[in-house]
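Since the structure comes first, as structure tokens, the remarks are kept for the end.
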Amino acid sequence: MGSASKPSPTAAAPSRRKVALCLTLLTLQYGAQPLISKRCVGQGVIVTSLVLAIEFLKVICAVILLVAEGSLKAQFSNWSLVGSLTASGLPAAIYALQNSLLQISYKNLDSLTFSILNQTKLLFTAFFTYLILGQKQSPKQILALALLITAAVLLSIGESSRKGASGGSSDYVLLYGIIPVTVASVLSGLASSLCQWASQVKKHTSYMMTIEMSFIGSMCLLASTFQSPDGEALRIYGFFHEWTLWTVIPVLMNAVGGILVGLVTSYAGGIKKGFVVVSALLVTALLQFIFDGKPPSLHCLVALPLVMTSIFIYQKYPYVDSKKKDR
Numbered sequence: 209m210g211s212a213s214k215p216s217p218t219a220a221a222p223s224r225r226k227v228a229l230c231l232t233l234l235t236l237q238y239g240a241q242p243l244i245s246k247r248c249v250g251q252g253v254i255v256t257s258l259v260l261a262i263e264f265l266k267v268i269c270a271v272i273l274l275v276a277e278g279s280l281k282a283q284f285s286n287w288s289l290v291g292s293l294t295a296s297g298l299p300a301a302i303y304a305l306q307n308s309l310l311q312i313s314y315k316n317l318d319s320l321t322f323s324i325l326n327q328t329k330l331l332f333t334a335f336f337t338y339l340i341l342g343q344k345q346s347p348k349q350i351l352a353l354a355l356l357i358t359a360a361v362l363l364s365i366g367e368s369s370r371k372g373a374s375g376g377s378s379d380y381v382l383l384y385g386i387i388p389v390t391v392a393s394v395l396s397g398l399a400s401s402l403c404q405w406a407s408q409v410k411k412h413t414s415y416m417m418t419i420e421m422s423f424i425g426s427m428c429l430l431a432s433t434f435q436s437p438d439g440e441a442l443r444i445y446g447f448f449h450e451w452t453l454w455t456v457i458p459v460l461m462n463a464v465g466g467i468l469v470g471l472v473t474s475y476a477g478g479i480k481k482g483f484v485v486v487s488a489l490l491v492t493a494l495l496q497f498i499f500d501g502k503p504p505s506l507h508c509l510v511a512l513p514l515v516m517t518s519i520f521i522y523q524k525y526p527y528v529d530s531k532k533k534d535r
């Protein structure tokens, strides 16, 4: 896979302004989502109904954008089941398994340990990006990733340290806590790199990947409702139980965010998506201060310059092939 990752010289690369816009919008969406969801989604709303609505809207948004591009007919005329499963089926399955492992781990680890181990997905993303795409990191970029992980851990500590550690023997914690979250971090890096590979190498458009992954994810979720508590609640109370007009706002925001995730992965790669996730934590802290009067923690104030420094270093000092440099 690594040898196929060299972009064609005739391939049209997105402009820096377009990439920067997608990164900025996704950061704002990630940062604002927790506050808006808290205010607009009632406690009685069935989570599965929210997820299915988000996936449905993501498909609608992707189709609208394909129509606006004038490429809808061409995309579906060239569509094949094998190509779809290769590009989107495997990442979708990996993400589903990752989410299950995270749920198991979260119940059996104290939140601080969970948060720290979960940040290692940035390193695994860099590793699989190199393994699958042949994309190397310069020593200074590796330093930037280390700074980013440090900032992410600091930002997590403020929330997670207030929760007590879960009980259980050390073997139980290792088996049902540490191992699942570590495997989930590995899978997150692998899935993100596979999405980038499908987009940049196989030229599978981010919009088509969004449609395919949303469909696959929804089918898996619907299958799980036959035995899940949410499935029982849907059958008893209906799909829109305790929905209001305000509920549509975070659902639409999440759907747009899903489109932006695909574009960021396609344009900038999975590693820079990690920078977005950490930067969004700072946006959330800022919005909490503005709207809730909750001042940022000391951890947040320390993490801010680390995030800014890591972003500057990562952008300023990319990897340069020494052979090409000497020519």
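Each residue of the sequence shown is one higher than the last, beginning at 209 in our numbering. By construction, the Cβ of each residue, glycine as well, lies at the ideal position given by its N, Cα and C atoms.
Specify, as a first and last residue, the run of the alpha helix (DSSP H) that tyrosine 238 falls within.
224-248
With the cut-off set at 8 Å, would you say cysteine 248 and alanine 463 are in Cβ contact?
no
Would you give the residue range spanned by the alpha helix (DSSP H) that isoleucine 467 belongs to?
456-475
According to DSSP, is threonine 517 part of a helix, a strand, or is it coil?
helix
Own chain, CB closer than 7 Å to isoleucine 302, minus 5 neighbours either side, in chain order
Leu395, Leu398 and Ala399
Nearest-angstrom Cα distance between leucine 309 and cysteine 428?
16 Å
Rounded separation between tyrosine 522 and alanine 476 - CA only
12 Å
Helix, strand or coil for glutamine 327? Go by DSSP, reduced to three states.
coil
Is it true that the stretch 458-474 meets the stretch 258-274, where meeting means three or more beta-carbon pairs spaced less than 8 Å apart?
Because the criterion of three Cβ pairs below 8 Å is met, the stretch 458-474 and the stretch 258-274 touch.
Between which two residues does the alpha helix (DSSP H) harbouring glutamate 450 extend?
Counting along the chain, glutamate 450 falls outside any alpha helix (DSSP H), and DSSP gives it neither H nor E.
At 4 residues or longer, what runs of the alpha helix (DSSP H) sit wholly inside the stretch 248-309?
Counting only runs of at least 4 residues, the stretch 248-309 fully encloses the following alpha helix (DSSP H) elements, listed from N- to C-terminal order: 255-277, 280-285 and 289-292.
Backbone CA spacing between lysine 410 and glutamine 251 [nearest angstrom]
42 Å
So, is phenylalanine 483 buried or exposed, given that buried needs 16 or more other C-beta atoms within 10 angstroms?
buried
Does the contact criterion of 3 or more C-beta pairs under 8 Å hold for the stretch 287-295 versus the stretch 406-420?
yes
Residue-chain proximity (alanine 240, chain E), Cβ-Cβ < 8 Å:
No chain E appears in the structure shown, which is made up of a single protein chain.
Residues near leucine 305 by beta carbon distance below 7 Å, same chain, minus five either side:
Leu395
Among Leu273, Leu490 and Val255, the one whose alpha carbon lies nearest that of threonine 418
Measuring from the Cα of threonine 418, the nearest candidate turns out to be Leu273.
Can you say whether serine 211 is buried or exposed, counting buried as having 16 or more other CB atoms within 10 angstroms of its CB?
Interpretation of serine 211 is limited by its pLDDT of 42, a score under 50 that renders its predicted location unreliable; the figure taken from the coordinates is listed afterwards. Serine 211 should be labelled exposed.
Counting C-beta neighbours from all protein chains within 10 Å, is the total for asparagine 286 16 or more, i.e. buried, or is it exposed?
So asparagine 286 counts as exposed.
Apart from the five residues on each side of it in sequence, which residues of its chain come closer than 7 Å, Cβ to Cβ, to serine 216?
For serine 216, the pLDDT reaches just 40, beneath the cut-off of 50, and the residue's location in the model is therefore unreliable, although a value from the coordinates is still provided. If we look at serine 216 and ignore the five residues flanking it on each side, it has no Cβ neighbours.
Express the C-alpha separation of alanine 334 and glutamine 345 in angstroms, rounding to a whole number.
8 Å
Tell me where the alpha helix (DSSP H) around lysine 502 begins and ends.
Taken as a continuous stretch (DSSP letters only), lysine 502 belongs to no alpha helix (DSSP H), as it is neither H nor E.
Inspect the beta-carbon positions of histidine 507 and leucine 339 and report whether they are closer than 8 Å.
no
Ignore the nearest five residues each way along the sequence and tell me which others in tyrosine 207's own chain have a CB closer than 6 Å to its CB.
The requested residue 207 does not occur in the structure, where the chain is confined to residues 209 to 535.
Under a three-way DSSP split, which group does proline 538 fall into?
Examination of residue 538 is not possible in this model, given that the chain is present from 209 through 535 alone.
Among Leu258, Leu280 and Ser422, which residue has its Cα nearest to the Cα of phenylalanine 448?
Leu258
Given this structure, state the Cα-to-Cα distance separating proline 503 from alanine 360, to the nearest angstrom.
18 Å
Taking the alpha helix (DSSP H) that threonine 390 falls in, what are its first and last residues?
387-408
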